[in-house]
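Protein chains in written order, with the working numbering: chain E, 7 to 274; chain C, 1193 to 1381.
No residue lacks a Cβ here, since even glycine has one placed at the ideal position from N, Cα and C.
Only a predicted model underlies this, so the values are computations on that prediction, with no experimental measurement involved.
Input: a single structure, listed below in structure tokens.
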């Protein structure tokens, strides 16, 4: 059935695949980084094209619309300034109270804006590529979020781009707590890949906890990756697990992980 | 298949992987992304030799995995064995028929994710699999089947454009006796 060249090809390809798969994780990551740099030109070109298209679109927007947008933005700036003033006094009060109670001071999040340039070509991972890499100070395990809530963490870093594992991927588990009750659990993998990608599971919640649909879920700060207080989502429903010892809750994410464009990376 | 054509196919493999990563139109609309590498493998397996199949499997697989959370090199084996199977059975496949191309494309795009996921399970990886995966599987199979005839048309044209085909030399046997002009005096009645 097989001919000699086919035997040789089978041997070579299988040997190569086995070598690649049995490489140490670090060497494999390094090799992966080198190969993925081949695509950098493409991603940069598509980014440039998109920004050019945006500029063109902005250039042809009627003056009336632009004036309206400026007015709206100015109004928002005023509102945010007022809000900022209020927050400043609240922060001051918070610091004083923390000092009185001898609690550790909270450090503000230092964020860096990034753009999503691609998504995992396979359907069975939740991963996106962003346009920041080692050159921009990215390191592994930096938390990533949008204005709405947590998105995931950086899993691999290249020279000019990085991979972000999204929340709901089995390799991106997050310590979380229900804000109203203080019950803590772990955000586990998504159970379904398509019906609603915004739904994920909150696992290992104590069976006697009184969580209600609509309760906010935030990061617990347990562990070394995610700081406390990043909003994750809200409880949809909860049910007792088969063992009867813990609850499993379905959480709807605040961030739309399926349509990510601009995100924030929390710098360490 | 000429060397130029093989190089073009490898470049197309690169572009396919890039397109699957960068363009999200179909994924946003249907929540599933079509895999174009198996489609390309169908064409190569039915048109080229084992070296081309091996090259596409290795280069395409590594490029795909470099942009994915897959372990590097995991896509090589499924791609290669699909190509090898098609090449061994290529006498039984009606390569020129559109419906045959569609069916083979569907089958290959169905088999590819199953083989990759099986390999991942064996290696202890944890991909996301749920009921929704069935829908993604269906979209991948159907999409792959629809794209396959297009790839055949595109690459067959490319092959014609890039390959020099010499005209057959004239020989006596090619002359048709019935079209020969009889010269000389016609017979008088």
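Residue contact with chain C for residue 42 (chain E): present (Cβ-Cβ distance below 8 angstroms to some residue of chain C). For the 8 angstroms CB-CB criterion, residue 255 (chain E) and residue 236 (chain E) do not form a contact. Looking at the backbone, the Cα of residue 218 (chain E) and that of residue 64 (chain E) are separated by about 45 angstroms.
Taking a beta-carbon distance threshold of 8 angstroms, residue 1225 (chain C) counts as an interface residue toward chain E.
Contact of residue 135 (chain E) with chain C by beta-carbon distance below 8 angstroms involves 1213 and 1259. Identification of chain C residues near residue 265 (chain E) by a Cβ-Cβ cut-off of 9 angstroms yields 1216 and 1220, ordered along the chain.
Under the DSSP assignment, residue 1212 (chain C) falls in the alpha helix (DSSP H) whose first and last residues are 1195-1214. Following the DSSP letters along the chain, one finds residue 52 (chain E) inside the alpha helix (DSSP H) bounded by residues 46-65.
Taking the beta carbon of residue 1235 (chain C) as reference, no residue of chain E falls within 7 angstroms; the closest one sits roughly 18 angstroms away.
In summary, residue 130 (chain E) is buried, with 16 or more beta-carbon neighbours lying within 10 Å of its beta-carbon over all protein chains present. Just measuring C-alpha positions, the residue of E:101, E:155 and E:208 sitting nearest residue 176 (chain E) is E:208. Counting only Cβ-Cβ distances below 9 angstroms, residue 231 (chain E) has no contacts in chain C at all, with the closest Cβ about 17 angstroms away. Under DSSP, residue 119 (chain E) shares a beta bridge with E:270.
With respect to the 8 angstroms criterion, residue 196 (chain E) and residue 203 (chain E) are classified as neighbours on the basis of their beta carbons. In the DSSP assignment, residue 1300 (chain C) forms no beta bridge with any residue. Under the Cβ distance rule, residue 1277 (chain C) does not count among the residues neighbouring chain E, no pair being separated by less than 8 angstroms.
Between the alpha carbons of residue 224 (chain E) and residue 233 (chain E) lies a distance of about 10 angstroms. If you ignore the 5 residues before and after residue 1290 (chain C), its C-beta comes within less than 6 angstroms of the C-beta of 1341, all in its own chain and listed in chain order.
Residue 1262 (chain C) belongs to the set of residues whose beta carbon lies under 8 angstroms from a beta carbon in chain E.
Within its own chain, the residues whose Cβ lies closer than 7 angstroms to the Cβ of residue 1224 (chain C), once the five positions on either side in sequence are excluded, are 1327, 1328, 1331 and 1332, listed in chain order. In this structure, residue 259 (chain E) places its C-beta atom within 8 angstroms of the C-beta atom of residue 239 (chain E).
Residues of the same chain with a CB within less than 8 angstroms of the CB of residue 49 (chain E), apart from the 5 flanking positions on each side, are 123, 124, 135, 137 and 167 in chain order. With 16 or more other Cβ atoms inside 10 Å of its own Cβ, residue 1213 (chain C) counts as buried. Between the stretch 1256-1273 of chain C and the stretch 39-56 of chain E there are three or more C-beta pairs closer than 8 angstroms, enough to call the two in contact. Fewer than three pairs of CB atoms, one per stretch, sit closer than 8 angstroms, so the stretch 141-160 of chain E makes no contact with the stretch 1234-1254 of chain C.
Here residue 1227 (chain C) is buried: its Cβ has 16 or more other Cβ atoms, across all protein chains shown, within 10 Å. With fewer than 16 other CB atoms across the displayed protein chains lying within 10 angstroms of its CB, residue 57 (chain E) is exposed.
Distance from the CA of residue 80 (chain E) to the CA of residue 67 (chain E), rounded to the nearest whole angstrom, comes to 19 angstroms. Just so you know, the alpha carbons of residue 1315 (chain C) and residue 1208 (chain C) end up roughly 26 angstroms apart. In the displayed model, residue 254 (chain E) falls within a strand according to three-state DSSP. In this structure, residue 133 (chain E) and residue 169 (chain E) form a Cβ contact; the two beta carbons are roughly 6 angstroms apart against a cut-off of 8 angstroms. For residue 20 (chain E), the secondary structure class from DSSP, reduced to helix, strand or coil, is helix. Separation of residue 1230 (chain C) and residue 1239 (chain C) (C-alpha to C-alpha, rounded to the nearest whole angstrom) is 14 angstroms. For the C-beta of residue 1303 (chain C), not a single chain E residue is nearer than 8 angstroms; the gap to the nearest is close to 15 angstroms.
Taking all protein chains in view, the Cβ of residue 24 (chain E) is surrounded by fewer than 16 other Cβ atoms within 10 Å, so the residue is classified as exposed.
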